[in-house]
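Since the structure comes first, as structure tokens, the remarks are kept for the end.
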Amino acid sequence: MKKYIITLFFAFFIALTAIRSIAHDTDGDALPDSWENSRIGSLAEDMFDDSDSDGLINYLEWMQNSDPAGDASQGDGTFEAASDAETGLGARFLVVGNFNNDTNQDIVVVSTTDDQINIHLGDGVGTYTTRTTRATGDYPLWIGVGDFNNDTNQDLVTSTYFDSQLNIHLGNGDGTFDVSIVYDTSNAPVAGAISDFNADGNQDIAMSSQNDDVITVHLGNGDGTFAGAVAYSSGTGTVSVKAGDFNNDGVPDLASVAVADNSIDIFIGNGDGSFSNTVTYSTGSASYQLSIADLDKDGNQDIAVVSYNDDKLNIHLGNGDGTFDAGVAYSTGDLPLSCAVGDFNGDQNPDVIVASVNDDSINIHLGNGDGTLAASTAYASGDYPTCVKVGNFDNDLALDVAVAGFNDNSLNMHMGFSTNSIGSGGSETNDVSGGETNGIQLVDSDYDALPDSWETNYFVDLSRTAFVDSDYDGLLDIHEWLSLGDPGTGSGSSDGAFESVVNYSSGEGSRMAAVGDFNNDGNPDVVTASIGDDNINIHLGQSDGTFDSSYSYSAADGAYAVMVADLDWDGNKDIIVASSQGDDLSVLTGKGDGTFNSRVSYTSGSFPVSLAVGDFNEDGKQDVVAVSYSDDTLGIYNGEGDGVIDSSPRTYASGDGPLSVAVGDFDEDGHHDIIVGSKLDDSINIHLGNGDGTFDFPDAYASGDGVYSVAVGDFDKDSHMDVVSASISDDSINIHLGNGSGGFDSVVSYSSGNGAVSVVTGDFNGDDNPDVAVSAVLDNTLNIHLGNGDGTFNEKYSYTLDASYSLQVADFNSDGLQDILASCSEGQIGIYIGSIESISDSAPTTSVSRIPVVNDYDRDGASDFAVYSDTDGTWYIRTVSGDTLAWGMQWGWSGAETVPGDYDGDGISDLAVYDTYNGYWYITSVSSELIAWATRWGWSGATPVSGDYNGDGVSDLAVYDDATGYWYILSVSGDVIAWAFQWGWSGATPVSGDYNGDGFSDLAVYDDATGYWYIISFSGTVIAWELQWGWSGAETVPGDYNGDGAYDLAVFDATTATWYILEADGDLIAWGFQWGWPGATPVSGDFDGDGVHDLAVYDSSDGTWYILEFSGNVLAWGEQWGWSSASLVSQ
């Protein structure tokens, strides 16, 4: 890694020069003299040295104000899901060390069933799948690490329970160990401690004995051998011992735990290897293992001990004279056996982590810095986790956790999330640009990148930090300061409120409605079915959210339900109508100009009331499902692809009185399933699809009283589809959380409006959590239930609404906020436009922003066709409408890599190339204004990944280290945004983009081997972790395919030319949508400027483009712009 840092140093020089100007640096190493003298003790080391060998060079320690002489932690207190590696049989205990003298932490596990030690050498990215083994004694329960022969190589010692021995394994410094030297110790040794008890410079060992009830001390000779043991009486069933200095005399003392008499015994060291009489303290029931740290930061060592009979973590604060208080107990996991201490959230307060075997978890207790702890947060770990240790296993800025799983023979790695690898921070007086300084240096005494004067002005004290959003407006406090914003007031984002309703006349007795773009103008249109006059009514929408007067087409008797699809695959929206009194399904194919062909009728079940669309037999053509109330059936109508549907539908029984139907993939097998809400038996019925157009018999789940409608969403954001129903008889919404295998948890209900009938899902307050909207016909209200993202919902907010049996969600005025359409039985539709007015202070949210358009070289808001000649470095660019913007414009050379972006913030994409040989960037505008020339930010082998990582509207220079997974990001103006931020691994593919819609590009990688996505925001929020959307060989084409202002996960199957698109929060956008041909190149872009990315493919054999809107409108078909050897400008 050092060679990469040296390579990047010169590009970094400009930023360092500004920093040096505010702090004395006489030795020119970019470290302030005062900081070096106070933290390191001299000016002898430079910025690239790692004084404490913790994986952070001294410059990064200074930047983040961490200790260069101690372990750094810049985590946020949360952890990734555990990754496990196979280890020995019956993994019992582990230690962390550096056994091969590289820069990576290694782990050794003792396993009791096969009597061996398992050596897992670290690779620096947190994986420990490779191991070597060495035999040890009979039933090893503990292992320790030290340097027993003073050769600077780390050695190991194990205690073996059944043969009562110590086994010394001397290390060779290359990760291997010599044959063990065996010493007898006390009967049934369980755990030990290592220190220099007699101050002779040699490490000694103290062992606890469960059967002899003693502590046995083995003094080391310094050559790997030990003198005879001396025993000290302790409590009954002594199972744990640790060394510390409890009376602050500089001499090691011992603390042991006695499991049978629930006590801690303190042995005060005399400095000659002997110990004075014990002092005993009562602690938890069946106390077991302990850790020592200064938990209240008073300079005295304290004790944390777990007790497994009462499931407690017991904290005994030390007084500094060898005595301790009576202790305070905290509830923790089920049957805790091990604990460890570290600063997991980077607040400089010690935290405690506990491993609990009965619930297979680790439990994080964040410390308050005064010796008290917060309630624990649990993470699933290995099967029967018996030991937990802390380290920095992936060389980032956050502490990680390693756990031994006894029953599944596993080593489980929990990687801590890092929050603070961004920004300057750490200088004596941070001269950060932004805010109005008037030339005055801003004092930042708490090193949080916020000036003290600014903090005290807005918050009275210095309690805030840069990465907090104090007013919940989507802007971190550091961004409020930089933009001169007020951190005490929101930015004006949508909170789920709506403007006053605007009504439009529709057909007589309008019952149901649907939304589509019928005239291909990019604006949502509306169709209603009116049961009173047997018509469907078309309302063409305008870009401002208003609608033209309606016009009608006749349907069969009792037009009831309506659905929009493209049944004839011509890119124009078609309409399907269910007529309840005529038992009829009618199809009206669209012409693409807002008009429709005459209807074609099909016989349906008795009293059809609800419709949905999907590809149930997976032939690439849209099929129709209809539920019929009177005969309790659902009918499957297979589409022919030409606007015709099967006249002989396959039918299935489905509940008693079905009123609503929806489609999803509830068992995650890739086949469309169907969910039906039934009013008369108060149930939802799940029909799992087989992929051939057939379905299993339904499984019924009790729901609300009088289920009237159903909708699908991922309410707890676990990537499994959930269901919500509205029930008219008990006025409730009913949440059914899916388990991903086709089943659902027990229903949880929330009170809604009186006579709840129609339910839809959306994100109405822009917080990326699914919300629910419900219409109630008995009290004439529209009710909004804001979701918390964990499957629960807040109390409803209500709006006046005429009796409506149908709601639809869309962005009718193109402002990025979701709006609601209500079809009212009084013969009108009502439009509720999403507003920036606040509903409630309890629902602070982020506004939805539009994703910047890629390859927009004329600032019209649309992506352009852009190709590049690798032969001579010339660019060729034209708009979709045919205007040539660049022809043969020279900017590059053979072998240069194109990295388009808006590097000057003028809204126009620039011509940018990256020299893959030496990491230089060259950028010019289309009008030939030079932006960057030979700016070095990268090296041979780095991957350029430009994006707007600081949210300033300007693309930044960013590279990804394919060897280590580190990111390095620099603004065009020379500000370092990220330095060695680790998010990835060797072999991962970077796929950066704005996946949470906050205006910042996120760090994202894709695992080509497994199809997993891993995405983190710059605020430290994990957006996706091991979210599987893809497979080996899939091509990634992320973009904003639903126009919500956030990138979606998209992959293209080059073998079948099908697209699969998923929102980052788990909502399905497209599944197996065919656009292209085998071998086509997928392209991401918004080619019509409507804020929604289109499906685009490029034919590299002849340079032709084929582009389809999600609405079905064909934007380009065989458009020639390129040639067989041209390269697409990277998207």
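With this note's numbering as the guide, the letters of the sequence shown map in order to residues 26 to 1156.
We treat Cβ as the ideally placed atom computed from N, Cα and C, and that holds for glycine.
(message) Taking the alpha-carbon of H761 as reference, which of A580, V701, Y947, S1125 has the nearest alpha-carbon?
(response) In the sequence shown, the residue the question calls residue 761 occupies position 736. Of the listed residues, the one whose Cα sits closest to H761 is V701.
(request) Measure the C-alpha to C-alpha separation of N560 and Y677 and round it to an integer number of angstroms. (result) By 1-based counting over the sequence shown, the position of residue 560 is 535. By 1-based counting over the sequence shown, the position of residue 677 is 652. Cα-Cα distance, rounded: 29 Å.
(message) Mapping the DSSP letters down to three states, classify A835 as helix, strand or coil.
(response) Stepping through the sequence shown from its first residue, residue 835 is reached at position 810. Reduced to three states, the DSSP call for A835 is strand.
(message) Taking the alpha carbon of S258 as the reference point, which residue from G932, V304, D225 has its own alpha carbon closest?
(response) Against the sequence shown, residue 258 aligns to sequence position 233. Nearest C-alpha to S258: V304.
(message) Rounded to whole angstroms, what is the Cα-Cα separation between K821 and A798?
(response) For this step, residue 821 is matched to residue 796 along the sequence shown. For this step, residue 798 is matched to residue 773 along the sequence shown. Those two C-alpha atoms are separated by around 9 Å.
(message) Output needed for I1048: all residues of its chain with C-beta closer than 7 Å, excluding positions within five of it in sequence on either side, in chain order.
(response) By 1-based counting over the sequence shown, the position of residue 1048 is 1023. Hits under 7 Å: Y1020, N1021, D1027, I1040, I1041, S1042, A1089.
(message) Which same chain residues end up closer than 7 Å to E1134 when comparing Cβ atoms and leaving out the 5 residues on each side of it in sequence?
(response) Locating residue 1134 in the sequence shown gives position 1109, counting from the first residue. These residues qualify, in order along the chain: D1113, D1119, L1140.
(message) Only counting the same chain, and skipping five residues up and downstream in sequence, which positions put a Cβ closer than 6 Å to that of D203?
(response) Position 178 of the sequence shown, counting from 1, holds the residue named residue 203. L195.
(message) Tell me the rounded alpha-carbon separation between I387 and D433.
(response) Numbered from 1 along the sequence shown, position 362 holds the residue referred to as residue 387. Numbered from 1 along the sequence shown, position 408 holds the residue referred to as residue 433. Roughly 16 Å between the two C-alpha positions.
(message) Under 8 Å: do the region 638 to 656 and the region 683 to 691 share three or more Cβ pairs, one atom per stretch?
(response) yes
(request) Report buried or exposed for L803, applying the criterion of at least 16 other Cβ atoms within 10 angstroms of its Cβ. (result) Position 778 of the sequence shown holds residue 803. With fewer than 16 Cβ atoms within 10 Å of its Cβ, L803 is classed as exposed.
(request) Please work out which residues of its chain come closer than 6 Å, Cβ to Cβ, to G716, disregarding the five sequence neighbours upstream and downstream, and give them in chain order. (result) Against the sequence shown, residue 716 aligns to sequence position 691. Cβ neighbours of G716 beyond the five flanking positions: E643, H696.
(message) Tell me which residues share the same chain as D755 and place their Cβ nearer than 6 Å to its Cβ, disregarding the 5 neighbours each side in the sequence.
(response) Residue mapping note: residue 755 aligns to position 730 of the sequence shown, counting from 1. Within the same chain, D755 has close Cβ partners G729, D730.
(message) Tell me which residue opens and which closes the beta strand (DSSP E) that K414 is part of.
(response) Along the sequence shown, read from residue 1 onward, the residue named residue 414 stands at position 389. Taken as a continuous stretch (DSSP letters only), the beta strand (DSSP E) holding K414 covers 410 to 416.
(request) Can you grab the Cα-Cα spacing for the pair V772 / G534, in whole Å? (result) Residue mapping note: residue 772 aligns to position 747 of the sequence shown, counting from 1. Residue mapping note: residue 534 aligns to position 509 of the sequence shown, counting from 1. If I take the Cα positions, the gap works out to 33 Å.
(request) With DSSP collapsed to three states, give me the class of P925. (result) Numbered from 1 along the sequence shown, position 900 holds the residue referred to as residue 925. P925 carries a coil assignment under DSSP once its states are collapsed to helix, strand and coil.
(message) I'd like to check one pair, G714 with F720: are the Cβ atoms closer than 7 Å?
(response) The sequence position of residue 720 within the sequence shown is 695, counting from 1. The sequence position of residue 714 within the sequence shown is 689, counting from 1. The criterion of a C-beta distance shorter than 7 Å is satisfied by F720 and G714.
(request) Report back the beta-carbon spacing between T411 and L338 to the nearest angstrom; my notes put them in contact at under 8 Å. (result) Start at 1 with the first residue of the sequence shown, and residue 411 comes out as number 386. Start at 1 with the first residue of the sequence shown, and residue 338 comes out as number 313. Your pair T411 and L338 does not check out as a contact, with CB atoms roughly 16 Å apart and the cut at 8 Å.
(message) Can you find the residues in the same chain that come closer than 6 Å, C-beta to C-beta, to G978, ignoring five residues on each side of it along the sequence?
(response) Start at 1 with the first residue of the sequence shown, and residue 978 comes out as number 953. These residues qualify, in order along the chain: G930.
(message) With a threshold of 8 Å, are at least 3 pairs of Cβ atoms found where one atom belongs to the region 108 to 117 and the other to the region 388 to 401?
(response) no
(message) Three Cβ pairs or more, each shorter than 8 Å: is that satisfied between the region 1071 to 1086 and the region 120 to 128?
(response) no
(request) Take G680 as the anchor and find which of D724, L910, W992, A637 has the nearest alpha-carbon. (result) Walking along the sequence shown from the start, residue 680 turns up at place 655. Comparing Cα positions, the closest option is D724.
(request) On the DSSP bridge assignment, give the partners of I328 in chain order. (result) Walking along the sequence shown from the start, residue 328 turns up at place 303. I328 pairs with I317, H341.
(request) State the Cα-Cα distance for the pair D270 and V264, rounded to the nearest angstrom. (result) Position 245 of the sequence shown, counted from the first residue, corresponds to residue 270. Position 239 of the sequence shown, counted from the first residue, corresponds to residue 264. About 20 Å.
(message) For a quick check, are the C-beta atoms of I389 and V413 less than 7 Å apart?
(response) Taking the sequence shown and counting its residues from 1, one reaches residue 389 at position 364. Taking the sequence shown and counting its residues from 1, one reaches residue 413 at position 388. No, these two residues do not count as a Cβ contact at 7 Å.
(request) Please name the residue or residues paired with W1170 in a DSSP beta bridge. (result) This structure gives no information on residue 1170, because the portion of the chain shown stretches from 26 to 1156.
(request) On the DSSP bridge assignment, give the partners of T806 in chain order. (result) Within the sequence shown, residue 806 is the residue found at index 781, counting from 1. In the DSSP output, where bridge partners are listed per residue, T806 has A801, T825.
(request) With a threshold of 16 other CB atoms inside 10 Å of the CB of T825, please say whether the residue is buried or exposed. (result) The residue you call residue 825 lines up with position 800 of the sequence shown. T825 comes out exposed.
(request) For L955, count neighbouring Cβ atoms within 10 angstroms of its own Cβ and tell me buried if that reaches 16, exposed if not. (result) Mapped onto the sequence shown, residue 955 falls at position 930. Label assigned to L955: exposed.
(request) Return the residue from the list S435, I758, M914 that minimises the CA-CA distance to Y409. (result) As a working note, residue 409 is residue 384 in the sequence shown. Per the Cα distances, S435.
(request) Closer than 6 Å by C-beta to F818: which residues in its own chain qualify, once you throw out the five before and the five after it? Chain order, please. (result) On the sequence shown, position 793 is the one that residue 818 refers to. Within the same chain, Cβ atoms closer than 6 Å to the Cβ of F818 are found at Y775, H810, G812, the five residues on either side in sequence being excluded.
(request) Alpha carbon to alpha carbon, how far is F740 from D747? Give it in angstroms, no decimals. (result) The count along the sequence shown starts at 1 and reaches residue 747 at position 722. The count along the sequence shown starts at 1 and reaches residue 740 at position 715. In a straight line, the C-alpha of D747 is about 6 Å away from that of F740.
(message) Please identify the residue among G886, D176, V215, V170 whose C-alpha is closest to the C-alpha of D188.
(response) To locate residue 188, count along the sequence shown from 1; it is residue 163. Of G886, D176, V215, V170, the residue nearest in Cα terms is V215.
(request) In the DSSP assignment, find the beta strand (DSSP E) that holds P165 and state where it starts and stops. (result) Start at 1 with the first residue of the sequence shown, and residue 165 comes out as number 140. Where P165 is concerned, the enclosing beta strand (DSSP E) stretches over 165 to 171.
(message) Using 8 Å for Cβ pairs, my map puts G200 next to I144. What's the rounded Cβ distance?
(response) Reading the sequence shown from its first residue, position 175 is the one you call residue 200. Reading the sequence shown from its first residue, position 119 is the one you call residue 144. Contact holds; Cβ gap of about 6 Å.
(request) Let me know the secondary structure DSSP gives L750 once reduced to three states. (result) One-based indexing of the sequence shown puts residue 750 at position 725. A small correction: the amino acid at residue 750 is Ser; Leu does not occupy that position in the sequence shown. Here S750 sits in strand by DSSP.
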